[in-house]
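Participant: Sequential numbering from 781 applies to the sequence shown in the numbering used here. All residues carry an ideal CB built from backbone N, CA and C; glycine is no exception. The following block contains the structure, expressed as structure tokens.
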Amino acid sequence: MQKLEVGMNSTLKKAKLCFPATSRNRAAILHVLRQHLPAKGDVLEIASGSGEHAVYFQKNLPNVIWRASDVDPAHLASISAWIEYESLDMPKPLDLDANAEHWKLPEDEEIRSVVCINMFHIVPWKSCLGLFRNASTVLKGGGKIYLYGPFKINGKPFPQSNYRFDQALRSQDPNWGVRNLDQVCLEAENRDFKLSAITEMPANNLSVVFEHKIKTNNDNSPM
Ligand SMILES: C[S@@+](CC[C@H](N)C(=O)[O-])C[C@H]1O[C@@H](n2cnc3c(N)ncnc32)[C@H](O)[C@@H]1O
781 MQKLEVGMNS TLKKAKLCFP ATSRNRAAIL HVLRQHLPAK GDVLEIASGS
831 GEHAVYFQKN LPNVIWRASD VDPAHLASIS AWIEYESLDM PKPLDLDANA
881 EHWKLPEDEE IRSVVCINMF HIVPWKSCLG LFRNASTVLK GGGKIYLYGP
931 FKINGKPFPQ SNYRFDQALR SQDPNWGVRN LDQVCLEAEN RDFKLSAITE
981 MPANNLSVVF EHKIKTNNDN SPM
């Protein structure tokens, strides 16, 4: 499924992974990111996978600082290899688990947006909740979360291809599966994120953007 490419342009042998879907979806995702992400500031990508998206977005959004991350050591190595291959001045990828108790970030890092592509359906639900919990801590108010992937929408037909994908995921791991967007939005709301945009994407995927509510003094006053 994944093609392994070995680069020898450094003293270390580094493996650049190639995930075929990234070259199919990256331009459409970039188009939506341009509409919703702040023009400047730090973006934290959770579950960056091969790192192909990260380098593509960094090249095309030169005014943001793209910080990639993942939990898988092979993926972290691949992200670093892609950054080196593209000779980009990007921060090193972080070993971050969506469901970690706290995301440990470098002290001076002020994250304006969190991006997470194709992760919600291949992690247990608690990791989806972890993403909102941790994002609400690092975004401080006013920041955005961008999610991309397949979702079920109440009252709308579930496309056959997504239904089959959901079944395949659940047979691989009963904790995985295509998430219901209403439930995702409810959990986002519980962490002070309001839904700000849904965009239909190729291959029955969605882009979903949430905005962190900025707390006013009244919000903080005792009830
Ligand atoms: C289907 S891949 C998507 C990768 C990339 N975003 C893309 O679209 O090509 C899912 C990624 O989620 C990562 N992942 C799995 N569990 C995770 C977790 N708990 N926290 C962060 N990343 C996780 C995997 O290592 C993998 O890189």
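1. Could you give the DSSP three-state label for K906: helix, strand or coil?
2. If I measure Cβ to Cβ from A915 and keep anything under 6 Å in the same chain, skipping five residues before and after, which residues do I get?
3. Looking only at C-alpha atoms, which of C908, K993, L824 and L797 sits nearest to K974?
4. Quick one: does the C-beta of F799 sit closer than 7 Å to a heavy atom of ligand 1?
5. Cα separation between C908 and L885?
6. Please classify T802: is it buried, with 16 or more other beta-carbons within 10 angstroms of its beta-carbon, or exposed?
7. Give a yes or no on contact between the segment 823-840 and the segment 869-881, applying the rule of three or more CB pairs nearer than 8 Å.
8. My parser needs the alpha helix (DSSP H) runs of 4 or more residues fully inside the segment 783-856; what are they?
9. List in chain order: all unbroken beta strand (DSSP E) runs of 3+ residues lying wholly within the segment 871-934.
10. Would R814 be called buried (16 or more neighbouring beta carbons within 10 Å of its own) or exposed?
11. Is G829 near ligand 1, in the sense that its beta carbon is under 7 Å from a heavy atom of that ligand?
12. For a quick check, are the C-beta atoms of V812 and T979 less than 8 Å apart?
13. Less than 6 Å between C-beta atoms, sequence neighbours within five positions excluded: which residues of the same chain meet that for G829?
14. Along the chain, where does the beta strand (DSSP E) containing N1007 start, and where does it finish?
15. Name the residue from W883, W846 and A807 whose alpha carbon lies nearest to the alpha carbon of F912.
Facilitator: Taking the coordinates as given:
1. helix
2. V894 and I925
3. K993
4. yes
5. It is roughly 19 Å from the alpha-carbon of C908 to the alpha-carbon of L885.
6. buried
7. yes
8. 800-816 and 832-840
9. With a minimum length of 3 residues, the continuous beta strand (DSSP E) runs that stay inside the segment 871-934 are 891-897 and 924-929.
10. So R814 ends up on the exposed side.
11. Taking 7 Å as the cut-off, one finds at least one heavy atom of ligand 1 near enough to the beta carbon of G829.
12. Their beta carbons are under 8 Å apart, which means V812 touches T979 by this criterion.
13. F799 and H855
14. Summary: the structure shown does not reach residue 1007, with the chain confined to residues 781 through 1003, and so no result is reported for it.
15. Measuring from the Cα of F912, the nearest candidate turns out to be W883.
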